[in-house]
Structures are given as structure tokens and as C-alpha cells.
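Note that the sequence shown covers residues 11 to 611 in my numbering. Glycine residues also receive a C-beta, built at the ideal position from the N, C-alpha and C atoms. Let me begin by presenting the structure, written as C-alpha cells, before commenting on it.
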Amino acid sequence: MRPFNDSVIYFAVVDRFHNGHAGNDGGCYPESCDPTHTDWFKYWGGDLSGVVQKLDYLKELGCSALWLTPIFDQIDGLVDVEGRGMAGYHGYWAKDFKRLDEHLAGSPDDVRVFASDNTVVDRLVRSMHDLDMKLVLDIVCNHSSPAQRVDTGGRPTKGEIYDDGKLLTSYDDDKLGWYHRAGGVSDWNNKGQVETAELAGLADFNESKIGYRNYIKDAMRLWLDKGVDAFRVDTVKHMPQWFWQEFVSDMVFHKPDLFIFGEWFQGGCWDGLSVQFANKSGMGMLDFALQRGLEDCLARNGGQGFELVENVFKNDHRFDDCRHLVTFIDNHDMPRFMSAGATERRVDMALVLILTCRGTPCIYYGTEQYLHNDTNGGADPYNRPMMEKWDTDTPAFRLTRRLAAVRRENPAVQHGSHRCKYLTPDVYAYTRVYRDNCCLVVFNRGPETRLTLEKIELPDGVYKDALSDRAVTVRDGRIENLAMGRDSVFVAAYRAPAREKGAMEITFVLNGFRTEYGQHVKVTGNCPELGNWDLEKAFKLEYINENMWLGNIAMPESAGKPIVYKLVVEKDGDGVVYENRPAHVRLLPAEGFMELQHRWS
11 MRPFNDSVIY FAVVDRFHNG HAGNDGGCYP ESCDPTHTDW FKYWGGDLSG VVQKLDYLKE
71 LGCSALWLTP IFDQIDGLVD VEGRGMAGYH GYWAKDFKRL DEHLAGSPDD VRVFASDNTV
131 VDRLVRSMHD LDMKLVLDIV CNHSSPAQRV DTGGRPTKGE IYDDGKLLTS YDDDKLGWYH
191 RAGGVSDWNN KGQVETAELA GLADFNESKI GYRNYIKDAM RLWLDKGVDA FRVDTVKHMP
251 QWFWQEFVSD MVFHKPDLFI FGEWFQGGCW DGLSVQFANK SGMGMLDFAL QRGLEDCLAR
311 NGGQGFELVE NVFKNDHRFD DCRHLVTFID NHDMPRFMSA GATERRVDMA LVLILTCRGT
371 PCIYYGTEQY LHNDTNGGAD PYNRPMMEKW DTDTPAFRLT RRLAAVRREN PAVQHGSHRC
431 KYLTPDVYAY TRVYRDNCCL VVFNRGPETR LTLEKIELPD GVYKDALSDR AVTVRDGRIE
491 NLAMGRDSVF VAAYRAPARE KGAMEITFVL NGFRTEYGQH VKVTGNCPEL GNWDLEKAFK
551 LEYINENMWL GNIAMPESAG KPIVYKLVVE KDGDGVVYEN RPAHVRLLPA EGFMELQHRW
611 S
């Protein structure tokens, strides 16, 4: 699995992004759409044609990946939600995972999305790949749909599932046994209930049935063959880990460079089960712990400050690979950052942090325009307004564009270590470091102050702020008298001379060896790039945290060939420790990327 650490993901609720084809707004049941955009529970007209029309805007923003809410065919009628009719505009009530929802199509023929290679999905994928952008598809394996109201054009049958238009089963007539029947969740501390009971009346799939597993995996392989580059997976805590291990393995077998990340709602470093999921499932995870720390520090203005954020980074060692975390400041399931109390400047500060910290940053649509609606505190559905402005000169837009370029070009931001340099409730400074590359980030949420920073890994010289015209001088790792106004940020980056890239590259990752000061990890093996077993010429990994060493290396001479290698730990003047196991044997592809993750033996 290849993470998107050099990318910035943009997350759009398709129906609320841009209407590029008004002819599809009504779908099969016109009453499910509200063109006035006043009924927040209905379709508002956004579609895939609209997404295609706005790709240049996203490219200018600096986003190289686009996550779309599910685009599978949804139930047609309205569902009773607290006495109101709600449509499946959000995409999480699928009935046919092998068809495109008609509200998103460019023409009626597009619905049978796998019957042609010239549908609106194909045009979207081609347009994105021409712009060197990746498509992230939101998928749901846990559930299908609730029952609909007959008086609003719906079917009373719950959980109908189709295979390209052919009815397979339903919750009410489940001849295939594809659904659990455990009622709703009553005890959220009961793991069995959480994995088998229903969420909000949604028919819950029985993953133990091989027929269901084959259906959902076959559907997702078809979407990958269409050109989808990554999956965001909904409600992962509600299915057992063995299912995800099987699912991820099959998907990555089908598309080796696939990136997958899951939504364990309110999970993160403080939740042991979600950490176990991240380490054992094979997929990455949305970082809710960092989101909560940022919101409490910069939006809700509680008694605590940046220590809430730094404490999250201090626990990165709990994950086998913190690069696989996807960071965000808000999303479609919570009030937007401004609805939680942040000013525009505080939104900017939060964006700077996720754009420069470990993991892959994800920006919720409209954040760069400070889009928000504070009705009912900005809770669902008021966190999903229609995108209204496309201004490319807002402060948030400009800083995103600039820092996306820094992330794209600087290995330290992509996968370097995180090193705290200064911390008070109001002032926070850290560096990201990989080899000779470095990025320094400084925040001040309090009154104007002046700082002296020490042990900064930037080489001596003058550095211009990535976000303004001011500059600082670094001398012997020290910056003196750095002026920081209220709610201000400073970013300085150094990119070492780029190493030669090859047609085939490997990332080596080591977990499970807690090194001591002075120790370092190398990879030695039977190929020239790894020193032909000569430890003096072996490839040295970089320390990331107490549970992770990492290194990227081009393999120009060994591409397409088998290699044999071992990991070793050296300490200056104190000998060598080899892995206590037979050497690893791998057949390298002739080109592309391979990530090799190891736990110390």
C-alpha cells in the first residue's frame, strides 16, 4: 500500500459541490430534490459533471487527490427522519454497488457505469489523471439502506441490494442470509453489538456470508478497474477485523499501489481498539485524535492549548506507521471548524498544521472559502452547505496552495520525524526532519511575543517565510528574536539536493526495535544498492519515532530481480545486532513502488 504523503486530499460531498448538469437533478423521484437549497435533507444538484468542471480550481488550490462521497446508486424515495423526508443525497444508502446514482450522471446511459468506457466517471478519471490527480472513492461495506416512505416515491422494503440492476436480496426477504438481525446498538462498549447491530436503522451486512463478500469485493474491483486510485472506507469499527484484513489484502492484490484509509469514528491514539485496527487491518485511518486536539486548542478556546496537539504527536509510536494517518480539521459528520468557534485566522492556523505535520492532510470542501452555516451549531446537515464561492485569493486558499507545494517537494514534510522545539499553551514550534531536509513551523495564538529557538535542524542561512515576505536568519541551529503576532504562523523549509530517482523505488519500514542513543538501523543485502552484504556500504534508515525507522531508496540495478536482505542495528563502537531470522527474499517489480514493512525479529 502506498500512502499519499506528498499529496493534499480535497473532500467533497458531491451533491453539495457544483451542479454541472441540471437535467439529472430530480432523479427517479423529482420530489427528492430541492433546487431552492432550503430543504437540507434533499438533493441540491451537485454531480460528477460539476466536479469535472472544477478540477482546475482544485489543481490551483494544490490538491492532488479528490475524495468523493459514495457515488453508488442510492435508494430513490425519502426516508422518515424525525418526521421529515430525507433523501440519500449523501451517498451512504446504496442499493446497487455496480451502478452510478442517476443524480450524479451526465446522461441516463452513465448509470450502467461498467457497460461503457465513455461515462461521466471515465471522463472524470481521465481528466484527473491528465492533471496528475488521484481519485479517492468513499465506500461502504457495513450496511445498505433503511426502509423508505411509500408516500414519497420509495419502497417499504429495507436493504434491497442489486447486482447491476438485478435484485439479489433484501432485509425483509433475505434468502441469501446477507443481513444481521441484531437490532440496534444499545451498548457501545459491547464489541459484538457494535459489529453486528444496526446504525440508525440501516440494514447491517452479515460479512460471514461468502456470497456477500464476493459481491462487495467484485464491485470494488470494478471501480478500481475504472481508474479509482484509493478508497476511504466508512464505519470500519462496525465490522470485524478479519473481514478488513481479507478485504484489504484482496484489493491490494488487485491494485498493489492502492491507498486505503478508514473511518473509525472518534478513534485515534487515545483509543486502543482503533490503534489495533490501524496496526492490524492493513489500511490507514482518519486521525480524529488530532482533530479533537486542534478544535479544543484553536476553536473552542478551552483552558488548555497546544499541549493538546503535541500530546497526540507524542503518541505516534503507538502506530506502526503514522504516515498512514489522514489528518483533517472537520468533516461532514461534525460542525465545521468555524461553527465550533474558530475565526478565519484560526482556520488558517489549523490548516497550516495539518499541511505540515505527519500523515496526509485532507481539506473539507469550502474550508478554503471559510464556508459554514451555524444553524443548530453547524451540526449535520448544516455542515453540508452548497459550495458558493470559488475565490482563488482568500488567505486560506493561498496558504494551502503554498504549503501543498512545500509538501510535494520536501521529503521532511512527507515522512520525516516530528520534533517539538517550543511549547506553551499559546506558542508552539516544531520541525519535521528527514535526512538533510527540514521544515520549521511556529504558531502563536496568544499576545504578540518574541522567541528564541534552539537546536533547529535548518542549515545556516537566511530563510523566507513560506506564507509571507519576512525572513529569519539561522546560525548554529539558533533563531533569535522571532516576532510572532497574535494568531500568527511562520513556516521555513529547506530542501536538500534531490537524490536520483529510479524507475523502481523501495520504502523500507522497521517497527518494534526501541533504539538507544547512538544506535542506527541499516539494510544490508546481496545487491549493489544495499552494499552486497558490506555493512560499510549498507543502506541507512532514518529515525522517525521510537517505534519506526524508515528509508526510501532507488533500485536501478536490481529492478525486476530477486533480492535477499537483512536489517541490522549498529551502535558506534559497540558492535552490530542482526535480525535473528533467515534473510528476507523479495522479487522486485521492474518499475514502480514497493513498500516493505518489517517487525524486528
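In angstroms, rounded to a whole number, what distance separates the CA positions of residue i and residue j?
i: Pro266; j: Asp161; result: 47 Å
i: Ser155; j: Val246; result: 17 Å
i: Val91; j: Ala288; result: 33 Å
i: Val578; j: Glu526; result: 14 Å
i: Cys372; j: Ala75; result: 9 Å
i: Val574; j: Ala548; result: 13 Å
i: Gly612; j: Ala481; result: This structure leaves residue 612 out entirely; the chain is present only between 11 and 611.
i: Phe21; j: Gly55; result: 17 Å
i: Thr404; j: Gly456; result: 23 Å
i: Val437; j: Asp343; result: 30 Å
i: Phe269; j: Ser17; result: 12 Å
i: Arg622; j: Asn555; result: Because the chain is modelled from 11 through 611, residue 622 falls outside the range shown and cannot be assessed.
i: Arg445; j: Cys430; result: 17 Å
i: Leu540; j: Leu361; result: 39 Å
i: His248; j: Val121; result: 29 Å
i: Asp86; j: Arg408; result: 40 Å
i: Arg165; j: Asp331; result: 45 Å
i: Arg231; j: Phe82; result: 14 Å
i: Trp233; j: Gly221; result: 19 Å
i: Gly169; j: Phe316; result: 45 Å
i: Gly585; j: Gly522; result: 20 Å
i: Tyr553; j: Gln607; result: 15 Å
i: Cys38; j: Ile19; result: 32 Å
i: Val204; j: Ala97; result: 25 Å
i: Gly60; j: His31; result: 7 Å
i: Glu419; j: Arg509; result: 12 Å
i: Glu41; j: Gln84; result: 15 Å
Do residue i and residue j have their CB atoms nearer than 9 Å?
i: Gly351; j: Pro13; result: no
i: Arg394; j: Asn454; result: no
i: Gly193; j: Ala207; result: yes
i: Met143; j: Leu68; result: yes
i: Ala422; j: Cys449; result: yes
i: Ala564; j: Met604; result: no
i: Asp260; j: Lys219; result: no
i: Asn383; j: Tyr392; result: yes
i: Thr370; j: Val336; result: yes
i: Asp297; j: Val322; result: yes
i: Asn152; j: Asp244; result: yes
i: Leu413; j: Leu477; result: yes
i: Ala593; j: Lys576; result: yes
i: His425; j: Asn325; result: no
i: Asp174; j: Phe215; result: no
i: Val146; j: Phe241; result: yes
i: Leu71; j: Thr462; result: no
i: Leu433; j: Glu320; result: yes
i: Gln255; j: Gly303; result: no
i: Thr377; j: Phe347; result: yes
i: Val484; j: Leu468; result: yes
i: Arg368; j: His428; result: yes
i: Gly237; j: Arg136; result: yes
Using 10 angstroms around the beta-carbon of residue i, count the other beta-carbons present and answer buried if the total reaches 16, otherwise exposed.
i: Tyr440; result: buried
i: Phe518; result: buried
i: Ile489; result: buried
i: Gln286; result: exposed
i: Glu601; result: exposed
i: Thr366; result: buried
i: Trp559; result: buried
i: Leu597; result: exposed
i: Asp95; result: Residue identity check: residue 95 is Gly in the sequence provided, not Asp. Buried is the call here.
i: Phe263; result: exposed
i: Leu114; result: buried
i: Trp50; result: buried
i: Leu177; result: exposed
i: Ser196; result: exposed
i: Trp252; result: exposed
For chain C, find out if any of its Cβ atoms is closer than 9 Å to the Cβ of residue i; answer yes or no.
i: Val131; result: In the structure shown, chain C does not exist; there is a single protein chain.
To test your reading of the DSSP string, which unbroken beta strand (DSSP E) runs of 3 or more residues are found completely within the region 148-192?
171-173, 176-179
Inside the region 180-260 only - alpha helix (DSSP H) runs reaching at least 4 residues:
Counting only runs of 4 or more residues that sit fully inside the region 180-260, the alpha helix (DSSP H) segments are 201-206, 220-235, in chain order.
Taking only runs that begin and end inside the region 450-538, name each unbroken beta strand (DSSP E) of 3 or more residues, in chain order.
Listed in chain order, they are 459-463, 471-474, 481-484, 489-494, 498-504, 514-521, 529-535.
Suppose only complete runs of 4+ residues qualify. What are the alpha helix (DSSP H) ranges in the region 26-80, listed by chain order?
58-63, 65-71
Quick check for students: name the residue ranges of the beta strand (DSSP E) that lie wholly in the region 542-606, counting only runs of 3 or more.
552-555, 558-564, 572-581, 586-588, 594-597
For the region 329-378, which segments carrying the alpha helix (DSSP H) assignment without a break, of at least 4 residues, lie completely within its bounds, in sequence order?
Every unbroken stretch of the alpha helix (DSSP H) spanning 4 or more residues and falling wholly within the region 329-378 is given here in chain order: 354-366.
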